[in-house]
Structures are given as structure tokens and as C-alpha cells.
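To start, the structure under review is shown below, and the notes come after it.
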Amino acid sequence: MKHILIILTFLLTWANAFSQSYPDNIKKGDDFVAVRNYEDAVKSYSDAIAIDSSKSEGYFKRGQAYFYLSKDSLAVANYNKALLLDPKNPQIYFMRGQSRSYLGDPNGAQTDYGKAIELDTNYIAAYIQRGYVFLSQGQIMPAYVMFTIAINKNPTQTADVYFARGYCLQQQFAWQQAIDDYNKAIAINANFSDAYLNAGNCYRVLMQYDKALEHHNKALELKPEYSTTYYARGFVYLDLGEKEKACADWKKAVELGDKYAQAYIDQNCK
104 MKHILIILTF LLTWANAFSQ SYPDNIKKGD DFVAVRNYED AVKSYSDAIA IDSSKSEGYF
164 KRGQAYFYLS KDSLAVANYN KALLLDPKNP QIYFMRGQSR SYLGDPNGAQ TDYGKAIELD
224 TNYIAAYIQR GYVFLSQGQI MPAYVMFTIA INKNPTQTAD VYFARGYCLQ QQFAWQQAID
284 DYNKAIAINA NFSDAYLNAG NCYRVLMQYD KALEHHNKAL ELKPEYSTTY YARGFVYLDL
344 GEKEKACADW KKAVELGDKY AQAYIDQNCK
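Per my numbering, the very first residue in the sequence shown carries number 104; after that it's consecutive.
Put into C-alpha cells, the structure is as follows:
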């Protein structure tokens, strides 16, 4: 009798899984994703795939659920299956690029973002993510191009995108253009401490010391324990001939764990 009950329970479970249609299971999975219940979303999408494995949607959405669970290898496996069924879908390439990036495969991610752009030249997120991959590889000019295309296509970008392009410009010694982008980032996010810091560094190169100090002071107001800002502000004070203040900033930077400030203390501070 016990074995009969086990078999009946299995059959009922199996029958329940297939009692809903493919669209029903997809919808159920989407509802789970909406409330961040990704484990159950995976199960629902798997039920959909079991009903019809010829559609890419189930694999793609299961891949997304795995992505949200930080199971990127499984996500890539599902995106691969989705692409076999729908090879001209830019969104699948984009999402596979995301997972490949997290798996430490920047070349694969870059290829996927490029394919997404090839299939949809207005896929702004793909330009942005490809820019970040280029940046992570130290390819400043290609990164700048990607961020610029994204901004040109839609100027209402996030502060992070303007900051990233500003960083590219700063690395190319385009100080004023970098400042313009950092200030755009600040206009979007008034609490962007790194944008204040980097803008301050650019103003220092341009010998606009008042603005450099203004931006460094604001960066410290927002992030008072950031050693890098004390380190940077110390050079502004040194340029202004205020060695005592420079030394105080470098000493504070050392207290906060900066690795480089001690050398300047040894050279300039007694």
C-alpha cells in the first residue's frame, strides 16, 4: 500500500506540472521573478520547457533567473540553447554577455555585446556594457567611443555613464572635457563623491585651485573617511605653498590606509 501511495503521489505531482499550458508556466515564472523568488521561477520555466522545448523563451527566461541567482554558468548554458532557437535576438546576446562578464570572460562578453549592437544599433545598454568591458581591459579609446555613442543616442544617461566617459577623457588628458562630464554626473547625482574627487584632480592640473579645493572638500563632506581624497587635496595645498595643510592631509591619508602618501610626507614634512 505504501508503494502504491508513493506512485500515486508522483503521478499527481507529474500531472499537476503539465496541467498548465506553456504560457501559463511562463507567466507563473514571470510572477515569481517579479517578487524575486528566482528558485521557483526556475522551476516554472523548467515546467514550460518540459511542455515545449522548441521555444527559446523558456530557456532565455530560465537563464535570466539563474543570472539573478548568480549561477552564471547555468545562465550561459540556457542562453546558448535559446540562441540555437532564436539566433537573431539581441537581448539574448546581451544577457549572455552579462553572465560572461561575471564569469571573468571579458572577450566573450565583448563579442556578445557587439553582436547585440549589430542586431540592434539602438541597443544603448549594449554600448554601455561594452564600454565597461573595454575600460576593464584598459582600452580607453574604444570605451570612450562606446559611452559617447550611448550618450549621443540618449543624453539622459545615468551619472555613472557620464562619470565613465569623464574618466576616459581624463586618461586622455582632455581635462576640461573630463570636468564637463564629471559635472554632468554631479548634476544628475549630487552625492557622487568620486565625481567631485576626479573633477577636483582635473581642476588642479588646470591650476584652477579654488575649484579644485571646492570639489575635494565636497568629496570629503560626502565620504569623510576616503583616504584618496586627502591624498589628492594634499597636492593642491602643496601647489598653493600651504605645506602644513598638505602634510596634515597626507598624514590623514596614511591614517586611513593610503599606501603612497608616506613618501610625500618624508619628502616634504618635518
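Note that CB positions come from ideal geometry on N, CA and C, so glycine has one too. None of the values given here were measured: they were computed from a predicted structure.
query                                                                                                                                                                                     : result
Taking the beta carbon of T332 as the centre, do at least 16 other beta carbons fall within 10 Å, making it buried, or is it exposed?                                                     : buried
Is the beta carbon of Y363 closer than 8 Å to that of D352?                                                                                                                               : no
Mapping DSSP to helix, strand and coil, what is F266?                                                                                                                                     : helix
Could you tell me which of E160, S204, T251 sits nearest to V236, measuring between CA atoms?                                                                                             : S204
Return the residue from the list N140, D313, L309, S330 that minimises the CA-CA distance to D297.                                                                                        : S330
Report the residue ranges of all alpha helix (DSSP H) runs contained in full by the stretch 141-204; include only those spanning at least 4 residues, in chain order.                     : 141-154, 159-171, 175-188
Taking the alpha carbon of M249 as the point to measure from, which residue in E358, S156, A229, E345 has its own alpha carbon closest?                                                   : A229
Please return the same chain residues whose Cβ sits closer than 8 Å to the Cβ of A335, not counting the five positions on each side in sequence.                                          : L300, G303, N304, R307, H319
I'd like the span of the alpha helix (DSSP H) that includes F295, first residue to last.                                                                                                  : Looking at the DSSP string, F295 is not in any alpha helix (DSSP H), and its letter there is neither H nor E.
In angstroms with no decimal places, state the Cα-to-Cα distance between Y367 and A349.                                                                                                   : 9 Å
Give the DSSP-derived three-state secondary structure of Q365 in the structure shown.                                                                                                     : helix
Roughly how many whole angstroms lie between the Cα atoms of T116 and M198?                                                                                                               : Any answer about T116 is weak, because its pLDDT of 49 lies below 50 and its placement is not dependable; what the coordinates show is given next. If I take the Cα positions, the gap works out to 33 Å.
What are the boundary residues of the alpha helix (DSSP H) that includes E328?                                                                                                            : Unbroken run through E328: none, as it is neither H nor E.
For the candidate residues Y270, T214, C271, whose alpha-carbon lies nearest to that of R233?                                                                                             : T214
According to the neighbour-count rule (16 or more other Cβ atoms, all chains shown, within 10 Å of its Cβ), is G166 buried or exposed?                                                    : buried
Identify, in the order they occur along the chain, each residue of the same chain with its Cβ nearer than 6 Å to the Cβ of P245, setting aside the five sequence neighbours on each side. : F237
Look at the Cβ atom of F170, then the Cβ atom of S202, and state whether they are nearer than 8 Å.                                                                                        : yes
Taking C-alpha atoms, which residue in P327, Q370, G344, E345 lies nearest to E358?                                                                                                       : P327
Can you check whether the CB of A151 is closer than 8 Å to the CB of N128?                                                                                                                : yes
Please work out which residues of its chain come closer than 6 Å, Cβ to Cβ, to A178, disregarding the five sequence neighbours upstream and downstream, and give them in chain order.     : G166, Y169, F170, S202
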